[in-house]
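*Asks:* In the UniProt record's numbering, the protein residues as written are 1 to 959. Where is the CB? At the ideal position from N, CA and C, for every residue including glycine. Computed from a predicted structure; not experimentally measured.
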Ligand SMILES: *Cc1c(COP(=O)(O)O)cnc(C)c1O
């Protein structure tokens, strides 16, 4: 087969008129040509041969007909108009903020940032890695602890991770007890409870204002400042806790820390929280970046990802993800956490907010919010209203016996949401956007004089005023003009490969089109500026949109009900397993604790099972990569009485539709277990088969894979969980929002916000609405045709590892490099790095099988791009041949030395045994459009040995 560069065939019979036509890359003519190359004359025949009849659904998707882009936007506008945007002064971890326009447009609304993937290939990710390192520096400086990670999912889950870390550090064998400040955010307390129950950890909530209660605790969580606004000295508590051998977890507000003594200086061991108010809109609860910082000595146990500095092949400093050995893929059931997708895009925004404002700017914002709170407090006091706390940062707690609801109602009539704490107390939170009008409106709602009180005095005790400097690194001082900021963002963006440059063929990750029209609505104020705890009457549009999306996803998956609360696939897994746990417990089956997991599973599966209190038993796979049925039956036999569930991925992580899935489900059900189908590969099923109908009881989906939420460079994500009828009572719920889930039987909240990352749900809503039932099915067919086309073209050059019936794959395929490596020394990693010289992001490297590349094209890549990619891999195969034949040196060749930077080529002393042109321009088209890697291959081990994970001094970058 020959290359077909830039030779699109005019297709007058098939003008691209619908959204689906534009979402699906290949034209109908191209699809015919691809089918011919696979050996088929039509899509139906291929699909019939690829997808087992046993799982095929017999009814089409019952979804509304496709809307055009303008129609979908009009409908979203209608829904948006049903939301009411008031000034929310509710607080509870969510605050008004102003997203600088230069960040809004050039990060949040910019595909150069939002379509990037998690930076596992560091050479093509230097831009977002630098931004994440800045984020870590912000968190580390503000919290006063030396090591911070590159984001967690939200404050509540970060607190739960803090509890788990404290437990690991305590080295206790028993579950023990964890103490929580009664002034912690109410949703944080409940997220921690949800996570503690399956682990057997006792959660004790107590008023800590008078010191620690009696008892034996491995850790204590303190909110700083408290949910009530109170600012208390952490030092005496930390001292008491340490005397008892307990770890101190502080949940801290980053903006407050610009003025308050940082927890790290008061003895906190772990500090967690949210970076939301650093320029990231409410979004009705998310997505926002959670964070965690820790003291020296426990950084190797930190959950989530950590960016570090290492050296490249030329000895130049370069960023990469550090300590990957802690991650679930490698540690599996021994992983420290199940978190995979995190909140990169939001962490980038927050870090850029700090770069934009600098330390003085942040302090000024904090002082202003504090000043407004002080004025409200003094106005209330002058009017005879009791203010409960003397020390506070931005939140005032007013005591109005019996009048709270009346005050809150009056404030609402004046356009402000306040927090109704109880019948007698009202909370008022000030923030970056609070102005004099808000102060008068609030005072008016309390019925006191609305004359603006003088801003004299302050409410932070001298002993708790921050004295240590922060954000001293030049990056937080160098980009203050908007011009400089714009260019800094552009400079970083240009270092990276995202979907706006080329296809990203990552198996299991479904890097498909994130259409602009899907993205548009998320920054509309009616979706962006809604507090997660705004009164239900103000969010009718959101409730309707979420209801429709959950119903559509239920129809697509064949489940009775879907909850969108989990904010990543990993969290959906935990939610699903907790539902199974709840179901067994409701039937008195507490002994069912064994979770079977095939050896090919994604690492999060095992980690989630452990978090759900289950025991992981691994089931073998056979030579074809399928679940080994003999081993399955043996393991079921052995654990029949304890069998809780099996977790299988379908189609499998090997990219194959396993024929035996129905038998697997039946065997597990017969033994009293439940079936969890990991829905990350749903892009191979939508419109063709429904997990809820072919034997599964529960699945999570990844809206950031199948349903077009962009990966954001490693998050945000949404991981809805779908269940059959008998598990509906055990879906996630929320303490502050009865509408978000089953209140009495629910497993509690999985995320801090009632509907998780609600702010990005309009993306998936728009995708489904614009594709319609036929478009969705055609997309699935396109994905399967694309993967089989790649497999057919690559097979003569690279062995394709696993295939299903009729030699076909599902929506991805695995190229096996192991024999090539044995023969030539060229590894899958060398191929991945050489692809960078060809202008491509690598496929998934060494998952699920070491020494292989897993390739997933998705339906969105057109034929020219698929061919360009295949031709690159074939070109690389020829280079490997030259190594084999001795034409290239085994160690000094374009593959081993890839990627090549411009600087490494444009040098007086080129010492390599191959030419510079063949290094840079292995195919002619690169002369016209070339991505230059900013660094050479990065030494991973060096960076782990010499861990540097906040901004290094600028001298480090001098040569
Ligand atoms: C991506 C993926 C997950 C985890 O999802 P996250 O959103 O990254 O947490 C789980 N299982 C499989 C098979 C996946 O591909």
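My parser needs the alpha helix (DSSP H) runs of 4 or more residues fully inside the region 431 to 494; what are they?
*Replies:* Fully enclosed alpha helix (DSSP H) runs of 4 or longer: 436 to 445, 482 to 494.
*Asks:* Does DSSP put residue 3 in a helix, a strand or coil?
*Replies:* Only weak support is given to the placement of residue 3: the predicted model assigns it a pLDDT of 43, under 50, and the question is left unresolved by the model.
*Asks:* Can you find at least 3 beta carbon pairs, one from the region 323 to 337 and one from the region 187 to 194, that sit closer than 8 angstroms?
*Replies:* Cβ pair count under 8 angstroms is below three, so no.
*Asks:* Could you tell me the alpha carbon to alpha carbon distance between residue 77 and residue 512, rounded to whole angstroms?
*Replies:* Approximately 25 angstroms between the Cα atoms of the pair.
*Asks:* Determine whether the Cβ of residue 441 lies closer than 9 angstroms to any Cβ atom of chain B.
*Replies:* Among the chains of the structure shown, chain B does not appear; only one protein chain is present.
*Asks:* Please report the Cβ distance between residue 234 and residue 263, rounded to the nearest whole angstrom; I am assuming they are in contact, meaning their Cβ atoms lie under 8 angstroms.
*Replies:* About 6 angstroms; that satisfies the 8 angstroms criterion.
*Asks:* In the DSSP output, which residue or residues are listed as bridge partners for residue 561?
*Replies:* In the DSSP output, where bridge partners are listed per residue, residue 561 has 723.
*Asks:* If you measure from each CB to the nearest heavy atom of ligand 1 and keep those under 6 angstroms, what residues do you get, in chain order?
*Replies:* Ordered along the chain, the selected set is 340, 341, 508, 568, 569, 570, 602, 604, 649, 653, 678, 680, 702, 717, 719.
*Asks:* Taking residue 66 as the reference, which of 787, 715, 285, 776 has the closest Cα?
*Replies:* Of 787, 715, 285, 776, the residue nearest in Cα terms is 776.
*Asks:* Excluding the 5 residues preceding and the 5 following residue 769 in the sequence, name in chain order all residues of the same chain whose CB lies nearer than 6 angstroms to its CB.
*Replies:* Hits under 6 angstroms: 67, 72.
*Asks:* Where does residue 583 sit, in a helix, a strand or coil, going by DSSP?
*Replies:* Residue 583: helix per DSSP, three-state reduction.
*Asks:* Once the 5 residues before and after residue 942 are set aside, which same chain residues still bring their CB inside 6 angstroms of it?
*Replies:* Once the five neighbours on either side are set aside, the close Cβ partners of residue 942 are 310, 311.
*Asks:* Would you say the beta carbon of residue 23 is closer than 8 angstroms to some non-hydrogen atom of ligand 3?
*Replies:* Among the ligands present in this structure, namely ligand 1, ligand 3 is not found.
*Asks:* In its own chain, which residues sit with a C-beta less than 6 angstroms from the C-beta of residue 144, not counting the 5 before and 5 after it?
*Replies:* Counting only Cβ-Cβ distances below 6 angstroms, and skipping sequence neighbours, we find 262, 264, 265.
*Asks:* Quick one: is residue 302 buried, meaning 16 or more other Cβ sit within 10 Å of its Cβ, or exposed?
*Replies:* When all chains shown are included, residue 302 counts as buried.
*Asks:* Among the candidates 223, 647, 217, 737, whose CA atom is the shortest distance from the CA of residue 599?
*Replies:* Among 223, 647, 217, 737, the Cα nearest to that of residue 599 is on 647.
*Asks:* Between which two residues does the alpha helix (DSSP H) holding residue 181 run?
*Replies:* First-last for residue 181: 177 to 181, but that is the beta strand (DSSP E), not the alpha helix (DSSP H).
*Asks:* Compute the distance between the beta-carbons of residue 246 and residue 219, then report whether it is under 9 angstroms.
*Replies:* Going by C-beta atoms, residue 246 is nearer than 9 angstroms to residue 219.
*Asks:* Would DSSP call residue 247 helix, strand or coil?
*Replies:* In this structure, residue 247 counts as strand in the three-state DSSP scheme.
*Asks:* Determine the direct distance from the alpha carbon of residue 668 to that of residue 343, and round the result to whole angstroms.
*Replies:* Residue 343 and residue 668: Cα-Cα distance of roughly 35 angstroms.
*Asks:* Whose C-beta lies closer than 8 angstroms to the C-beta of residue 962 among residues of the same chain, with five residues either side of it excluded?
*Replies:* With the chain running from 1 to 959 in the structure shown, residue 962 is simply not present.
*Asks:* Check whether the region 890 to 898 touches the region 827 to 834, taking contact to mean three or more Cβ pairs, one atom from each stretch, closer than 8 angstroms.
*Replies:* The region 890 to 898 vs the region 827 to 834: in contact.
*Asks:* In chain order, which alpha helix (DSSP H) runs of at least 4 residues are fully inside the region 103 to 174?
*Replies:* You should have 111 to 114, 126 to 143, 155 to 170.
*Asks:* Taking all protein chains shown into account, decide if residue 867 is buried (16 or more other Cβ within 10 angstroms of its Cβ) or exposed.
*Replies:* Buried.
*Asks:* Report yes if the C-beta distance between residue 735 and residue 203 is below 9 angstroms; otherwise report no.
*Replies:* The answer is no: Cβ separation not under 9 angstroms.
*Asks:* Leaving out the 5 sequence neighbours to the left and right, which residues in its chain are closer than 6 angstroms to residue 422 when beta-carbon positions are compared?
*Replies:* Result list for residue 422: empty, nothing under 6 angstroms.
*Asks:* Please report the straight-line C-alpha distance between residue 497 and residue 36, rounded to a whole angstrom.
*Replies:* Distance between the alpha carbons of residue 497 and residue 36: 32 angstroms.
*Asks:* Identify every run of the alpha helix (DSSP H) within the region 775 to 863, keeping only runs that are complete inside it and at least 4 residues long; order them along the chain.
*Replies:* Runs found: 818 to 824, 828 to 837.
*Asks:* Just to confirm the assignment, what range does the beta strand (DSSP E) spanning residue 293 have?
*Replies:* From DSSP, the beta strand (DSSP E) with residue 293 extends over 290 to 294.
*Asks:* For residue 8, which three-state DSSP category applies?
*Replies:* Residue confidence is low: residue 8 scores 46 on pLDDT, short of 50, so the model does not pin down where it sits. Its coordinate-derived value is still stated next. DSSP places residue 8 in coil when its eight states are reduced to three.
*Asks:* Return helix, strand or coil for residue 427, following the three-state DSSP convention.
*Replies:* If DSSP states are grouped into helix, strand and coil, residue 427 belongs with the strands.
*Asks:* Between which two residues does the alpha helix (DSSP H) harbouring residue 270 extend?
*Replies:* Where residue 270 is concerned, there is no enclosing alpha helix (DSSP H), although the beta strand (DSSP E) it sits in stretches over 270 to 274.
*Asks:* Output needed for residue 1: all residues of its chain with C-beta closer than 8 angstroms, excluding positions within five of it in sequence on either side, in chain order.
*Replies:* Per-residue confidence for residue 1 stands at a pLDDT of 39, beneath the threshold of 50, marking its modelled position as unreliable; no derived number is given.
*Asks:* Is there contact here, the region 710 to 717 with the region 574 to 581, by at least three beta-carbon pairs under 8 angstroms?
*Replies:* These segments do not touch.
*Asks:* Would you mind working out which of 359, 352, 397, 26 sits nearest residue 374, comparing C-alpha positions?
*Replies:* The shortest C-alpha separation from residue 374 is found at 397.
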